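Last residue of the sequence shown? That's 229 in numbering that gives the first Met the number 0, and every number before it is there in order. Even for Gly, the Cβ is constructed at its ideal location relative to N, Cα and C. All values reported here derive from a predicted model rather than from experimental measurement. The structure appears right after this line, and notes come after that.
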Amino acid sequence: MISIITPILNESKNIKPFLNHLNTLEGDFELLFVDGGSTDNTISMVENNKKIFNKNLKLIKTSQGRGKQMNEGAKIAEGNILLFLHVDCTLERDTIKVIEEVLKSIKIIGGGMIQAFSNPDFFLRFISKYGNFRVRINKVFFGDYGIFVKKDIFEKIGGYDDIIFLEDVELCKKMKKYGELIQINRKITTSPRRFQSLGKFRVTLMFITALLINIVGIRPKFLIKYIVDK
């Protein structure tokens, strides 16, 4: 079984659409929402919409921090495979089954998907094409690529680092020491809302800056809104 772990923070508008989408997926999975201290009605939206979800759903409350939230979800996950999925992302119908099939291989321990934006313009299509090309080469996935991993490997590497952003990059670096990562031939579609609210070129520039200075372990807080917040 796959455990879908979704960190949330003030996502009240996205809870019901996300649950409705997951209801369309094939395969055996559970969902764990991990709230990082929402101040809107996210919690009540989860509680009030449990009845529309046709799988097991758990709600965990912890302190803010995407890596910390996902680690807390992993602790109580019942599946032998973990899929870290953002609440503004959608998957192809058979993605769960495809992940389970590829992870039957002993060599392959995790991976991600082919990233795309919903309603993309030329610039966003270019960002996706470049990102997917990069991933095919270095197998380092960002969170909106739908990172999945065998649970025993996740536990062995100590999970996500408790850092303010790019925890997904650091996780992939650790994962690659224990086996092969794969980009499966299934699309994950994510909302471009950060690009829309903050500006496409500004977000791209700040993200590149974050990647470069992350190499030497520098993660200034002012970049959080460009990398984490949506």
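For the beta strand (DSSP E) assignment, the uninterrupted runs of no fewer than 3 residues enclosed by the segment 157-205 are, from N- to C-terminal side, 179-189. Taking C-beta atoms under 8 Å as the contact rule, residue 17 and residue 86 qualify, at a distance of about 5 Å.
In this chain, residue 73 is not harboured by any beta strand (DSSP E); it is covered by the alpha helix (DSSP H) spanning 65-75. In chain order, 87, 88, 116, 117, 229 place their CB closer than 8 Å to the CB of residue 190, counting only its own chain and leaving out the 5 sequence neighbours on each side.
Shown here for residue 1: same chain residues with a beta carbon closer than 6 Å to its own, the five before and five after excluded, namely 28, 78, 80, 82, 95 in chain order. Beta-bridge analysis with DSSP links residue 4 to 31, 83.
Assignment of residue 123 by DSSP, reduced to helix, strand and coil, places it in the helix class. DSSP, reduced to helix, strand and coil, places residue 102 outside both helices and strands of the structure shown, so it counts as coil.
The DSSP-derived three-state label of residue 116 is strand. The three-state reading of DSSP puts residue 149 in strand, counting E and B together. Check the Cα spacing between residue 51 and each of 76, 20, 59: the tightest is with 20.
Residue burial annotation: residue 157 is exposed, with fewer than 16 other C-beta atoms found within 10 angstroms of its C-beta. Under the 8 Å Cβ criterion, the segment 29-39 does not count as touching the segment 108-115, having fewer than three qualifying pairs.
A direct Cα-Cα distance of roughly 25 Å separates residue 192 from residue 59.
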